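Participant: Counting in our numbering, the sequence shown runs from 63 upward without gaps.
All C-beta atoms, glycine included, are put in the ideal place defined by N, C-alpha and C.
Bear in mind the structure is a predicted one, so any value in this text is a computation, not a measurement.
Take this structure, written in structure tokens, and hold onto it; I'll ask about it next.
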Amino acid sequence: MLRVILPPERQRPLKLLCLGAHADDIEIGCGGAILRLATEVPELIVRWIVFSGTGPREAEARNSAVAFLENVLECQVEVLGFRDGYFPFQGADIKDCFEAVKRDFDPSLVLTHWHGDAHQDHRLVAELTHNTFRDHLVLEYEIAKYDGDLGNPAFLYP
Numbered sequence: 063m064l065r066v067i068l069p070p071e072r073q074r075p076l077k078l079l080c081l082g083a084h085a086d087d088i089e090i091g092c093g094g095a096i097l098r099l100a101t102e103v104p105e106l107i108v109r110w111i112v113f114s115g116t117g118p119r120e121a122e123a124r125n126s127a128v129a130f131l132e133n134v135l136e137c138q139v140e141v142l143g144f145r146d147g148y149f150p151f152q153g154a155d156i157k158d159c160f161e162a163v164k165r166d167f168d169p170s171l172v173l174t175h176w177h178g179d180a181h182q183d184h185r186l187v188a189e190l191t192h193n194t195f196r197d198h199l200v201l202e203y204e205i206a207k208y209d210g211d212l213g214n215p216a217f218l219y220p
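In structure tokens:
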């Protein structure tokens with residue numbers, strides 16, 4: 063089990079914020095960790111946000127999130143309509159979403175993209191995560207891709 067020492071005000075219930083640029087990023091990058099937390103942490107509350115998932119992949123994004131979170135005490139799934147591949151040009155609007163989340167949800171743990179990811183959408187989500195949630199525990203996940211831009215992780219969650 064993942065044992066992380068959190069400040070007392072963030073220990074119970076465990077509030078998990080999952081951020082993904084596209085449909086299936088969260089599942090591929092940290093799905094196993096989420097399933098394990100859902101099994102081992104009875105008071106888990108999850109907010110799951112996909113920034114570019116509307117259109118033909120919206121149902122897939124929502125159904126997958128619901129399946130991953132079926133054993134979770136409380137969850138909120140959001141699928142937003144930012145344009146795939148254009149996040150750097152929509153940065154101000156995406157940052158506004160981050161700020162709105164921060165006002166409404168104080169996570170114990172944030173799961174986000176790796177900051178060195180070559181994909182511009184993934185990288186922007188990681189940058190805004192660290193910019194917005196600088197006082198929170200943030201763990202980054204990687205998406206294995208054909209271009210092999212994987213980093214050198216400092217932490218491995220089996």
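Is Arg-74 helix, strand or coil by DSSP?
Facilitator: Three-state DSSP puts Arg-74 in coil, outside helix and strand.
Participant: According to DSSP, what are the bridge partners of Cys-137?
Facilitator: Val-108
Participant: Measuring straight from C-alpha to C-alpha, what distance separates Val-200 and Ala-180?
Facilitator: 19 angstroms
Participant: Are Ala-100 and Asn-125 touching if we call contact CB-CB under 7 angstroms?
Facilitator: no
Participant: Going along the chain, which unbroken runs of the beta strand (DSSP E) with 3 or more residues stay wholly within the segment 146 to 177?
Facilitator: 171 to 175
Participant: Counting C-beta neighbours from all protein chains within 10 Å, is the total for Glu-105 16 or more, i.e. buried, or is it exposed?
Facilitator: Counting other Cβ atoms within 10 Å of its Cβ, Glu-105 stays below 16 and is therefore classed as exposed.
Participant: Determine, for Ser-126, whether the minimum Cβ-Cβ distance to residues of chain D falls below 7 angstroms.
Facilitator: You won't find chain D in this structure, because it holds only one protein chain.
Participant: Secondary structure at Gly-143, three-state DSSP: helix, strand or coil?
Facilitator: strand
Participant: Measuring only the C-alpha atoms, how far is Asp-146 from Ser-114?
Facilitator: 6 angstroms
Participant: DSSP state of Glu-132, grouped into three classes?
Facilitator: coil
Participant: Hey, could you find the ends of the alpha helix (DSSP H) Val-187 is sitting in?
Facilitator: Counting along the chain, Val-187 sits inside the alpha helix (DSSP H) bounded by residues 182 to 194.
Participant: Nearest by alpha-carbon distance to Trp-176: which of Trp-110, Asp-87 and Lys-77 is it?
Facilitator: The option with the nearest alpha carbon to Trp-176 is Asp-87.
Participant: Quick check on the burial criterion: 16 or more other C-beta atoms within 10 angstroms. Buried or exposed for Met-63?
Facilitator: Low per-residue confidence applies at Met-63: pLDDT is 47, beneath 50, and the placement is therefore not dependable, though the value from the model is reported in the following sentence. Only exposed fits Met-63, as fewer than 16 other CB atoms lie within 10 angstroms of its CB.
Participant: For Leu-190 and Phe-160, which I take to be in contact (beta-carbon distance under 8 angstroms), what is that distance rounded to the nearest angstrom?
Facilitator: 5 angstroms
Participant: What three-state label does DSSP hand Glu-122 in the structure shown?
Facilitator: helix
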